[in-house]
Amino acid sequence: MDTNLPVDTLSPSTLGLEVARRRGMAGWSQRELAQQSGVAQSKISLLESGKSQTAEVSTVQDLAKAFGCHLTELLGDTAPPAPAIATSDEDAGDRVTRHITKLFPSPLNPRKRFDPAAVAEIADSIAAKGLLQPLTIRAGTRDILDAVGQLAEVYIGGTRYRALKLLHDEGRWPEDRLPGGMVPCTLRECSDIELIEIALTENIQRQDMHPLEEGQAFLDLERAGKADPAEIARVIAKTPRFVQLRMQMARDLAPAAAEAFAAGRISTEMARELVRVPHDVQLSHLGPLLKADWGYKTASELHEKIHAGFPNLGHALFDKALYTGDLAEDHNTYGGKTLKCCDVTLFRQLQDAAVEAKAVELRETHAFVEIVRSKTTWLDLDPAKLSKTYARDERGGAAIVIMPDYRVQIVEPVRRWSGDTKPAEMSTAEKKALAKKTDPVAGVSTGRRIYAKAAKSRALQRATLETGTATVLRVAIMGLLGDDVVAIRPEAKGPDNHALDAGLALRLGEWRDRLGAGLVDLDPYLKARSRGDTKLWAALRELDRPALEDLHACLVVQRLGVWSDPWRDDNLGDTPLQIALASAVDLDMAEVWTVDAAYVATLDKAQLLDLADSVGLIFGDRHEWAKAKVSELRQAIVAIAQSANAFRHLPPELAFASAKTIQQRFRSGTAAPANPATARGGQTI
Numbered sequence: 001m002d003t004n005l006p007v008d009t010l011s012p013s014t015l016g017l018e019v020a021r022r023r024g025m026a027g028w029s030q031r032e033l034a035q036q037s038g039v040a041q042s043k044i045s046l047l048e049s050g051k052s053q054t055a056e057v058s059t060v061q062d063l064a065k066a067f068g069c070h071l072t073e074l075l076g077d078t079a080p081p082a083p084a085i086a087t088s089d090e091d092a093g094d095r096v097t098r099h100i101t102k103l104f105p106s107p108l109n110p111r112k113r114f115d116p117a118a119v120a121e122i123a124d125s126i127a128a129k130g131l132l133q134p135l136t137i138r139a140g141t142r143d144i145l146d147a148v149g150q151l152a153e154v155y156i157g158g159t160r161y162r163a164l165k166l167l168h169d170e171g172r173w174p175e176d177r178l179p180g181g182m183v184p185c186t187l188r189e190c191s192d193i194e195l196i197e198i199a200l201t202e203n204i205q206r207q208d209m210h211p212l213e214e215g216q217a218f219l220d221l222e223r224a225g226k227a228d229p230a231e232i233a234r235v236i237a238k239t240p241r242f243v244q245l246r247m248q249m250a251r252d253l254a255p256a257a258a259e260a261f262a263a264g265r266i267s268t269e270m271a272r273e274l275v276r277v278p279h280d281v282q283l284s285h286l287g288p289l290l291k292a293d294w295g296y297k298t299a300s301e302l303h304e305k306i307h308a309g310f311p312n313l314g315h316a317l318f319d320k321a322l323y324t325g326d327l328a329e330d331h332n333t334y335g336g337k338t339l340k341c342c343d344v345t346l347f348r349q350l351q352d353a354a355v356e357a358k359a360v361e362l363r364e365t366h367a368f369v370e371i372v373r374s375k376t377t378w379l380d381l382d383p384a385k386l387s388k389t390y391a392r393d394e395r396g397g398a399a400i401v402i403m404p405d406y407r408v409q410i411v412e413p414v415r416r417w418s419g420d421t422k423p424a425e426m427s428t429a430e431k432k433a434l435a436k437k438t439d440p441v442a443g444v445s446t447g448r449r450i451y452a453k454a455a456k457s458r459a460l461q462r463a464t465l466e467t468g469t470a471t472v473l474r475v476a477i478m479g480l481l482g483d484d485v486v487a488i489r490p491e492a493k494g495p496d497n498h499a500l501d502a503g504l505a506l507r508l509g510e511w512r513d514r515l516g517a518g519l520v521d522l523d524p525y526l527k528a529r530s531r532g533d534t535k536l537w538a539a540l541r542e543l544d545r546p547a548l549e550d551l552h553a554c555l556v557v558q559r560l561g562v563w564s565d566p567w568r569d570d571n572l573g574d575t576p577l578q579i580a581l582a583s584a585v586d587l588d589m590a591e592v593w594t595v596d597a598a599y600v601a602t603l604d605k606a607q608l609l610d611l612a613d614s615v616g617l618i619f620g621d622r623h624e625w626a627k628a629k630v631s632e633l634r635q636a637i638v639a640i641a642q643s644a645n646a647f648r649h650l651p652p653e654l655a656f657a658s659a660k661t662i663q664q665r666f667r668s669g670t671a672a673p674a675n676p677a678t679a680r681g682g683q684t685i
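With my numbering applied, the sequence shown covers 1 to 685.
If you want it as structure tokens, here you go:
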């Protein structure tokens, strides 16, 4: 920092009193002066009270502009003593003079930006009063001398040097004060590391350097192998964390963000938030930040925006144990939480590697594999000139689509198309028809899925009742603890479409008659009841323990299962809890279910022929049976199914298993496992 004028370290008895005097004349409070000048009110208070021993050039300039006076009018005519930090550096050494043209600014000085107005102010002061403090120089180093010749390197007093150079270039050199263009200097040799340390200490302590300049200087020291962050922190009397953050901003800010930061368009706090994410993410936030859009007005709002964009660990295609970065919890309004990956760069590297590995795997089974980076959060293959195809007779390709939030979606099969016009897509009906022919899973109708769910629900109710009180209590506790997957559902659903076992319905009817229709209804989901709670309580007090246990079991078990609703639970698979409950009550669907009229009504003719073939009805004469009517096929299949337990055929969808397992059984032609004593196998329909 320069000490030519009383603008680097100022006596509060001079500057502070003058600021207070002019503020009183203007009728301003300290707060109003702060608003007019842009100088912090705390700085003004410290100056006026005499507690502040220093003032920056920019501070004095801003105050002078607010008062409408020249900088020197605030400073008075008396030059203050030089600052302590500069005395030891600038006074030590030999006093020499050098011509202005034989001096050059040190390229090692980390400070690269100089305020032209401040340089002009100091130039005017030198022209009027001369150079009050000499520059500090050293002989140019070998590398520098090779480039500029025999010159002296100015490493303390960079602003004063530029002010002198300005006077020389403009022809305003003060010959009366600096004859012959000669400049007073202190010649003091120092190493590169010492030079940088001196410059850093001086500028940082006086808050005269931009954080980007500081960070770049720290990086230069580290890259040269001359100091690590801990050593730099010790030299400049800052914490290692301060040094690391400055280095990170200088190294990792996107060029456009760094330019905005250097120009003062974003704050240090905002820059620290931006530097946490890759360049493309920085740029996506920079535009709204510079325009002060809604949600981008403060650093804390920017923090929330960036946090919301952290990738979800649940979207990882890779082994989650490989991610070693910081995690943040994102809580939703329903009490759940999502783990977000704060180290976006690491997450992307792992996800990209996993995508490449997946592409290698898919190339073994597909004609081609295309990795598509989508610009939107919804699936659109058109920019990549790919389209989904349902033709499984040819080996299609696969598209690995990476969404902007780094979710990965694999689409198969796909086809390529060329030219500017996309081929006409099949209609929904055509897609369904083709899928039905080529994919057994797609051929399973909604009605067939609903039938399977209802049949399994009734069987689960019956088996749970037969198992005993302990199982019923466990199910009730699951419901009371908030699990609505298998059991107690709070929705206000009517009983019309609820799958209910016939035996259970009979027992519930008996309880209705026993307690009275006005006290008990068969719909456990209705909230409003016409009877009084006290009457129901009185009726329950009349029941003994066995009766209470039976009523409790009926009321709990009737809540198990699904509704016959195509928009609810019509997928092929069961939840892990449903599968576990079926296993706990030893439920074997092959033992309790047989083909009935309701089931065959869900099958088309091709599926009926497959079923007839698997149960031995056709005996190889499929062509003749193909001429039969659908109604005749259904009647014949039901008849043989009901004749003395002639066969046991369990379709895949009627077994308790996950959707993935059931789909695999459909596509591989494997029947659902049945009891070995009764199973006959057969083709899957």
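Backbone N, C-alpha and C fix where the C-beta goes; we use that ideal spot for every residue, glycine too.
Remember, it's a predicted structure, so these values are computed and weren't measured experimentally.
Compare the Cα-Cα distances from residue i to each of the options and report the closest residue.
{"i": "A353", "options": "K340, S374 and L317", "result": "L317"}
{"i": "D586", "options": "G468, L506 and T575", "result": "G468"}
{"i": "S52", "options": "A655, R177, L17 and T338", "result": "L17"}
{"i": "V355", "options": "W378, T159, A398 and F67", "result": "A398"}
{"i": "Q244", "options": "R276, A256 and A357", "result": "R276"}
{"i": "Y323", "options": "H331, D330, L313 and R545", "result": "L313"}
{"i": "R606", "options": "V630, G171, V344 and L46", "result": "Checking the sequence shown, residue 606 turns out to be Ala, not Arg. Checking every option, the nearest Cα to that of A606 belongs to V630."}
{"i": "D588", "options": "R462, A553, T471 and A598", "result": "R462"}
{"i": "K453", "options": "Q349, E653, Q36 and E370", "result": "E653"}
{"i": "V444", "options": "Q663, V119 and R172", "result": "Q663"}
{"i": "F261", "options": "G287, A128 and A580", "result": "G287"}
{"i": "P184", "options": "L212, S191, R223 and G130", "result": "G130"}
{"i": "L178", "options": "G503, E222 and A128", "result": "A128"}
Quick one: residues in its chain with C-beta nearer than 6 Å to the C-beta of residue i, no 5 flanking neighbours on either side, listed in chain order?
{"i": "A123", "result": "A163, L166 and L167"}
{"i": "P676", "result": "In this predicted model, P676 has a pLDDT of only 35, less than 50, meaning its place in the structure is not dependable; the value taken from the coordinates is given anyway. Counting only Cβ-Cβ distances below 6 Å, and skipping sequence neighbours, we find nothing."}
{"i": "V372", "result": "A384, A399 and V401"}
{"i": "S668", "result": "none"}
For the alpha helix (DSSP H) containing residue i, list its first residue and its last residue.
{"i": "G509", "result": "A502 to L515"}
{"i": "S387", "result": "Unbroken run through S387 is the beta strand (DSSP E), L386 to K388; no alpha helix (DSSP H)."}
{"i": "F347", "result": "V344 to L362"}
{"i": "T594", "result": "Where T594 is concerned, there is no enclosing alpha helix (DSSP H), given that its DSSP letter is neither H nor E."}
{"i": "A127", "result": "P116 to K129"}
{"i": "A657", "result": "A657 -> no alpha helix (DSSP H), and no H or E assigned at all."}
{"i": "I137", "result": "Counting along the chain, I137 falls outside any alpha helix (DSSP H), though it belongs to the beta strand (DSSP E) covering L135 to A139."}
{"i": "R23", "result": "L17 to A26"}
{"i": "I44", "result": "Q41 to S49"}
{"i": "D576", "result": "In the sequence under discussion, the amino acid at residue 576 is Pro, which differs from the Asp named in the question. It spans P576 to A584 - the alpha helix (DSSP H) in which P576 sits, taken as one unbroken run."}
{"i": "H307", "result": "A299 to A308"}
{"i": "Q244", "result": "P240 to D252"}
Going along the chain, which residues of its own chain have a beta-carbon closer than 7 Å to the beta-carbon of residue i, five neighbours each way excluded?
{"i": "A217", "result": "P110, I196 and L200"}
{"i": "A659", "result": "N571, L572 and G573"}
{"i": "G447", "result": "T602"}
{"i": "R172", "result": "A127"}
{"i": "A657", "result": "G573, D574 and I579"}
{"i": "A598", "result": "Y451"}
Could you give the first and the last residue of the continuous beta strand (DSSP E) run that contains residue i?
{"i": "T338", "result": "K337 to C341"}
{"i": "T400", "result": "Looking at the sequence shown, residue 400 is not Thr but Ile. That run of the beta strand (DSSP E) goes G397 to I402."}
{"i": "V372", "result": "V369 to R373"}
{"i": "H331", "result": "L327 to H331"}
{"i": "P105", "result": "L103 to P105"}
{"i": "V441", "result": "No beta strand (DSSP E) contains V441, which DSSP labels as neither H nor E."}
Report yes if the C-beta of residue i is less than 7 Å from at least one heavy atom of the ligand NAP; otherwise report no.
{"i": "H168", "result": "Absence of the ligand NAP from the depicted structure is noted, as is the absence of any ligand whatsoever, leaving it without description."}
Beta-carbon within less than 8 Å of residue i's beta-carbon, same chain only, minus the 5 sequence neighbours each way: which residues are those?
{"i": "D89", "result": "Reliability of the predicted coordinates at D89 is poor, the pLDDT of 44 falling under 50, and no value is obtained from them."}
{"i": "L302", "result": "M270, E273, L274, H285, L289 and Y296"}
{"i": "L283", "result": "A254, A256 and A257"}
{"i": "A20", "result": "E48"}
request  = Would you be able to state if there are at least three C-beta pairs under 8 Å between the region 229–237 and the region 259–274?
outcome  = no
ask   = Where in the region 169–228 do unbroken runs of the beta strand (DSSP E), each at least 3 residues long, occur, reported from the N-terminal end onward?
value = 182–187
Every unbroken beta strand (DSSP E) inside the region 254–279 [3 residues or more] = none
key: the region 278–290 contacting the region 240–255, beta-carbon criterion three pairs below 8 Å   = yes
task = Evaluate contact between the region 408–417 and the region 373–384, counting only Cβ atoms and requiring at least three cross-stretch pairs below 8 Å.
result = yes
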